[in-house]
Amino acid sequence: MRDGLRGLTTRGRSFLAAAVAAAISAGILGEKDLLRVAVLLAVLPLLAALYVGRSRYKLACHRSLEPHRVPVGATARVVLRLQNMSRLPTGTLLLEDRLPYALGSRPRVVLERLGAHQASSVAYTVRADVRGRYEVGPLVVRMTDPFGLCELSRAFPGTDRLTVVPQVVPLPSVRLPGEYAGSGESRARSVAVHGEDDAATREYRRGDDLRRVHWKSTARTGELMVRREEQPWESRATVLLDTRAYGHQGDGPTASFEWAVSAAASIAVHLRQAGYKLRLVTGSGADVDATEGAGDGLLLDQLAEVRLDQRVEITTLVQHVRQRADGGLIIGLFGSLSTAEAELLAGLRANGATCVCFLLDSSAWLNLPTPARAEADQAHDNAALALLHSGWRVIGVDHGGRLAALWPQAGRGSQGFALRAAMAETVAGGVR
């Protein structure tokens, strides 16, 4: 009742003030009819406060998101279901769901009334142009009585999480270099074993069945050895995402980093669908293995929250990758590199991995004067040539470049940069 009195509207307080004035006048004039009017004016707002105060605790709410994960620029549908658990109908209900700024303004929905034990659903849509995880809710319901004498609010603390993931671009099928450099010993083959002495063996790996231990080979080599049996081929790929803050330019959804994140998501999903066992490594320290079940969701959720980091350097990324030597195919998405940073990436080829680099010219995301543009282009070419000399395949990316159009170059090599490298060496030789 006390909460209901606090929720009296201006109209309800006016009724109480009029009741007091009428009661005083009735006492002075001795008019019983005026006293009855005063009682009626006082009872109405009090009953309204009692009614609203009791009914607000007999509401149930359920929220659902359809779907919980959406790409940048797509919409999600939020459904709110309210049920009146009381035997009395409610008054007018004003629903307001709290949203972060990135999802737009707070939706407000009016329900005229809910009958006894009646339920009703309302829906609205949200859209985000920026990656991230967003809390939807809590829901605030404002209730009034039919006369508008009392208004109270109730917040439902439950929230739901909407994950906005990077845009995934469909990529054409391309035969990639190093696609048969996975962890298996052969492509879906069986090793013929004719006897104990000529059994094909390999070193024991953690998780191997101990019943496959080959004791004669173990005694001969001094290392625990197991038989090689039928071993399905396992293509491995590692996608690297450069998160150095000084390596990227631009702001908002059109920044060079957003292009790189979307490209990393597209390439990772494409390779998983092609049967690769995928690993995602970022400069910020994330190291994700995509499993068969929730692999795509796990990768996209990780990329939904990745951010630029002022403390990250190329050496940090190289160390993260080399913590586990998977071999196979490495595809890196890098912002602008210096020649020294490009040379550091040569260390990733130590295990015979095939390395492909999408090298973003992040200065192209800026409006630079002609001299500065020429200097930035020269630095970009120098970094690309350093990668080429260390054995990387390099694909240059300018502002406005489409990943689907660039992707076939991953299989063809770095003809453009290789030609420039030859020309640069020829010019350098002529100068000497």
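Just so you know, the UniProt record's numbering puts 8 at position 8 of the sequence shown, and the rest follows in order with no gaps. Beta carbons are placed, not taken as given, at the ideal position from N, Cα and C, and that holds for glycine.
Asked: Ser153 (DSSP reduced to helix, strand or coil); Found: strand
Asked: CA-to-CA distance, Ala405 to Val193, given in whole angstroms; Found: Only weak support is given to the placement of Val193: the predicted model assigns it a pLDDT of 33, under 50, and the question is left unresolved by the model.
Asked: Reduced DSSP category for His62 - H, G, I as helix; E, B as strand; rest coil; Found: strand
Asked: Backbone secondary structure at Asn382 - three-state DSSP; Found: helix
Asked: 3-residue-minimum beta strand (DSSP E) runs that sit fully inside the stretch 302-348, ordered along the chain; Found: 329-334
Asked: Straight-line Cα distance separating Ala263 from Gly243; Found: For the record, residue 243 in the displayed sequence is Thr; it is not Gly. Answer to the nearest angstrom: the Cα atoms are 13 Å apart.
Asked: Short CB-CB distance (under 8 Å) between Cys355 and chain D; Found: Here chain D cannot be found, since the structure has a single protein chain.
Asked: Residues near Gly347 in its chain [Cβ-Cβ closer than 8 Å; skip 5 each side]; Found: Val318, Arg322
Asked: Ser363, buried or exposed, once every other Cβ within 10 Å from all chains shown has been counted against 16; Found: buried
Asked: Simplified DSSP state of Gln167, which is helix, strand or coil; Found: coil
Asked: Cβ shell of Gly297 (< 8 Å), same chain only, five flanking positions each side left out; Found: Arg69
Asked: Secondary structure of Ala102, DSSP reduced to three states; Found: helix
Asked: Pro67 to Ala260 span [Cα, whole Å]; Found: 25 Å
Asked: Simplified DSSP assignment, three categories, for Val136; Found: strand
Asked: Same chain, Cβ closer than 7 Å to Ser266, neighbours up to 5 away in sequence not counted; Found: Val168, Val169, Leu171, Leu403
Asked: Candidates Asp97, Pro146, Thr254, Ala342, of which the one nearest Ser390 by Cα; Found: Ala342
Asked: DSSP bridge partner residues for Ala23 (one or two, in chain order); Found: In DSSP, Ala23 forms no bridge with anything.
Asked: Span separating the alpha-carbon of Leu368 from that of Val140; Found: 49 Å
Asked: Every unbroken alpha helix (DSSP H) within the UniProt domain "DUF58" (201-282), with a cutoff of 4 residues, ordered by chain; Found: 215-221, 256-273
Asked: Environment of Ser153 [buried if 16+ CB atoms lie within 10 Å]; Found: exposed
Asked: Euclidean distance between Cα positions of His320 and Gly401; Found: 28 Å
Asked: Rounded separation between Asp301 and Val165 - CA only; Found: 6 Å
Asked: CA-to-CA distance, Asp361 to Leu82, given in whole angstroms; Found: 52 Å
Asked: Per-residue burial, Thr144 [other beta carbons within 10 Å of its own, 16 or more giving buried]; Found: buried
Asked: Sequence-distant residues of its chain with Cβ nearer than 8 Å to residue 444 (five each side left out); Found: Not covered by the structure: residue 444. The range shown for the chain is 1 to 432.
Asked: From Leu337, Ile331, Gly73, residue whose alpha carbon lies closest to that of Arg349; Found: Ile331
Asked: Where Asp287 sits in the DSSP three-state scheme; Found: strand
Asked: Given 8 Å, three or more beta-carbon pairs between the stretch 108-125 and the stretch 154-161; Found: no
Asked: Distance CB(Pro45)-CB(Gly91) smaller than 8 Å; Found: no
Asked: Own chain residues within Cβ distance below 6 Å of Arg113, not counting five before or after; Found: Pro89, Thr90
Asked: Reduced DSSP category for Glu31 - H, G, I as helix; E, B as strand; rest coil; Found: coil
Asked: Distance, Ala17 Cα to Pro71 Cα; Found: 56 Å
Asked: Cross-strand partners of Asn84 (DSSP beta bridge); Found: Leu59
Asked: Nearest to Glu313 (by Cα), restricted to the options Met225, Ser284, Ala290; Found: Ser284
Asked: Residue range of the unbroken beta strand (DSSP E) whose run includes Gly396; Found: 393-397
Asked: Leu40 versus Ala19: straight-line alpha-carbon distance, rounded; Found: 8 Å
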